[in-house]
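Report on the following structure.
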Amino acid sequence: DLCCPRCLFWTTCKVLRRWNRHSRAITGAAKFYVLDPGSALKPHCGQANVRLFMQLGVIIPEGVTLDVGGENRTWHEGKVLIFDDSFVHSVAHNGRSRRVTLSIPVWHPAIYHRFSGR
Numbered sequence: 000d001l002c003c004p005r006c007l008f009w010t011t012c013k014v015l016r017r018w019n020r021h022s023r024a025i026t027g028a029a030k031f032y033v034l035d036p037g038s039a040l041k042p043h044c045g046q047a048n049v050r051l052f053m054q055l056g057v058i059i060p061e062g063v064t065l066d067v068g069g070e071n072r073t074w075h076e077g078k079v080l081i082f083d084d085s086f087v088h089s090v091a092h093n094g095r096s097r098r099v100t101l102s103i104p105v106w107h108p109a110i111y112h113r114f115s116g117r
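Read the sequence shown against the working numbering and you will find it ends at 117, with the numbers running on by one and no gaps.
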C-alpha cells in the first residue's frame, strides 16, 4: 500500500494494517482527534449501534471529559477508552493544553461474528 510510507504517522499506520486475528474487527479509518483548550464537541450520536470506538489517550491534559449517555468519562495517556457512539456523546475541554486521541472504530461484539469468519 502506498499510503503508509507517505503518512506522518507511518509506524501507527503500519501496525494498524498488519494482519492478525483481530484485524477484521476494524470497521473504518483510524483517526487522530486533536482538540484545543476551550473547545467542545456538541452532543451527537452515530447512526446505528453496530460499532464501538476504541480511543487511545495520546496526549491527555487535565480538564477534558467525555459524556456518553449521561455518564462522564476521562481519557488517560496510554490507556484505551471504549464507548458506543450510538449513545449521545459530547466532549468538553476545560484544560490548558491540546488533547490528542487515536480513535479506532470496531464492530460491536454482538455482530462481530458476521465479519470475523467464525
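Cβ coordinates follow ideal geometry from the N, Cα and C atoms, glycine included.
- Taking C-beta separations shorter than 8 Å and ignoring five residues to either side along the sequence, the partners of Ser89 in its chain run Ala39, Leu40, Lys41, Pro42, His43, Leu65 and Asp66, following chain order.
- In the structure shown, the three-state DSSP call for Ser102 is strand.
- Boundaries of the beta strand (DSSP E) harbouring Gly56: Arg50 to Ile58, taken from the DSSP string.
- In this structure, the beta-carbon distance from Ser102 to Lys13 does not fall below 8 Å.
- Separation of Leu51 and His75 (C-alpha to C-alpha, rounded to the nearest whole angstrom) is 18 Å.
- Burial is judged here by how many other beta carbons sit within 10 angstroms of a residue's own beta carbon; Trp106 has at least 16 and is buried.
- Under the three-state reduction of DSSP, Ser22 is assigned to helix.
- Boundaries cannot be given for Ile110, as no beta strand (DSSP E) includes it and DSSP labels it neither H nor E.
- One alpha carbon belongs to Gly56, the other to Arg72, and they sit about 12 Å apart.
- Exposure of Asp35 is indicated by the presence of fewer than 16 other C-beta atoms within 10 angstroms of its C-beta.
- For Asn71, the enclosing beta strand (DSSP E) covers residues Glu70 to Arg72.
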